[in-house]
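Structure, as structure tokens:
Residue numbers (the numbering used here), protein chains in the order written: chain W, 124 to 238; chain S, 2 to 115.
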């Protein structure tokens with residue numbers, strides 16, 4: 124059973140360009156989460172999605188950032204007009220349905236560098 | 002709002018020593034879940050353990066053990082007879098029963114020297 128897949132693993136962008144990060148959850152998982160890890164810091168929650176729905180985006184910056192999880196295909200985290208402060212590791216996690224709460228399985232992350 | 006504090010930023014030990022990583026959490030909810038994750042130098046996050054707020058039993062898994070104490074809001078992690086391969090950043094995390102997102106501590110960098 125393949126784990127959570129993220130691509131690209133490394134992404135370099137110049138200021139003002141767009142960055143698209145992709146995440147394919149584990150098979151059978153219907154919940155996707157995005158986290159950002161700034162250098163020397165812990166992970167910070169950004170957004171939680173189910174198929175075709177954004178459930179909680181309380182951690183998303185108000186501008187330039189958006190996320191989707193379409194009915195078919197991977198979840199996408201999109202950053203428009205990137206700035207140097209967007210340089211970070213972006214992790215995607217997935218979990219299955221059900222209670223009690225299930226652990227989140229993380230992908231290997233995408234390291235974004237903004238020049 | 003909930004919070005997780007890992008006061009130890011960096012710890013260095015010599016191989017075969019025991020080491021305890023501290024985690025203190027804050028929440029007003031009575032239902033919550035605590036986690037430990039390991040982030041080796043390669044960068045991925047590896048799940049180690051989950052604990053719910055109603056289960057205060059300590060747990061042992063090989064060289065790893067966890068001590069959950071609600072009275073002190075702590076969920077400490079001990080590695081016995083540490084090995085060089087244990088070198089990593091360890092994160093403690095919390096989620097509420099009513100939510101899904103994880104709140105992470107800032108992590109503890111553990112270095113095990115040969």
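Built from N, CA and C at the ideal position, the CB exists for glycine as well. Quick caveat, the model's predicted, so the values are computed rather than measured.
Residues bridged to residue i [DSSP beta-bridge criterion]
i: residue 160/W; result: 166/W, 212/W
i: residue 100/S; result: Looking at the DSSP assignment, residue 100/S forms no beta bridge with any residue, so it has no partner.
i: residue 128/W; result: 147/W
i: residue 6/S; result: 25/S
i: residue 176/W; result: 173/W
i: residue 62/S; result: 65/S
i: residue 20/S; result: 80/S
Proximity below 7 Å, CB of residue i to CB of residue j
i: residue 213/W; j: residue 161/W; result: no
i: residue 155/W; j: residue 189/W; result: no
i: residue 34/S; j: residue 96/S; result: yes
i: residue 194/W; j: residue 180/W; result: no
i: residue 48/S; j: residue 226/W; result: yes
i: residue 5/S; j: residue 83/S; result: no
i: residue 101/S; j: residue 171/W; result: yes
i: residue 121/S; j: residue 3/S; result: A question about residue 121/S goes unanswered here, because the residues of chain S that appear run from 2 up to 115.
i: residue 138/W; j: residue 206/W; result: yes
i: residue 107/S; j: residue 165/W; result: yes
i: residue 22/S; j: residue 109/S; result: yes
i: residue 51/S; j: residue 36/S; result: yes
i: residue 151/W; j: residue 219/W; result: yes
N-terminal and C-terminal residue of the beta strand (DSSP E) that residue i is part of
i: residue 40/S; result: 33 to 40
i: residue 110/S; result: 109 to 114
i: residue 116/S; result: Absent from the model: residue 116/S. The displayed extent of chain S is 2 to 115, so no value can be given.
i: residue 70/S; result: 65 to 70
i: residue 49/S; result: 47 to 53
i: residue 234/W; result: 233 to 237
i: residue 134/W; result: 133 to 136
i: residue 187/W; result: Premise fails: residue 187/W is in no beta strand (DSSP E) and is neither H nor E.
i: residue 195/W; result: It is not in any beta strand (DSSP E) - residue 195/W carries neither H nor E in the DSSP assignment.
Contacts that residue i makes with chain C (C-beta to C-beta distance below 7 Å)
i: residue 213/W; result: The structure shown has no chain C; the protein chains it does contain are W and S.
Presumed contact (8 Å Cβ cut-off) between residue i and residue j, rounded CB distance
i: residue 24/S; j: residue 7/S; result: 6 Å
Please list, in chain order, the residues of the segment 63 to 83 of chain S that have any C-beta partner in chain W closer than 9 Å. none
Give, in chain order, every residue of the segment 27 to 50 of chain S whose Cβ lies closer than 7 Å to some Cβ of chain W. 34, 36, 44, 45, 46, 48
What residues in the segment 128 to 159 of chain W have a beta carbon less than 8 Å from any beta carbon of chain S? 154, 156, 158
Where the segment 225 to 236 of chain W meets chain S: residues whose CB sits under 9 Å from a CB there: 225, 226, 227, 228, 229, 230, 231, 232, 234
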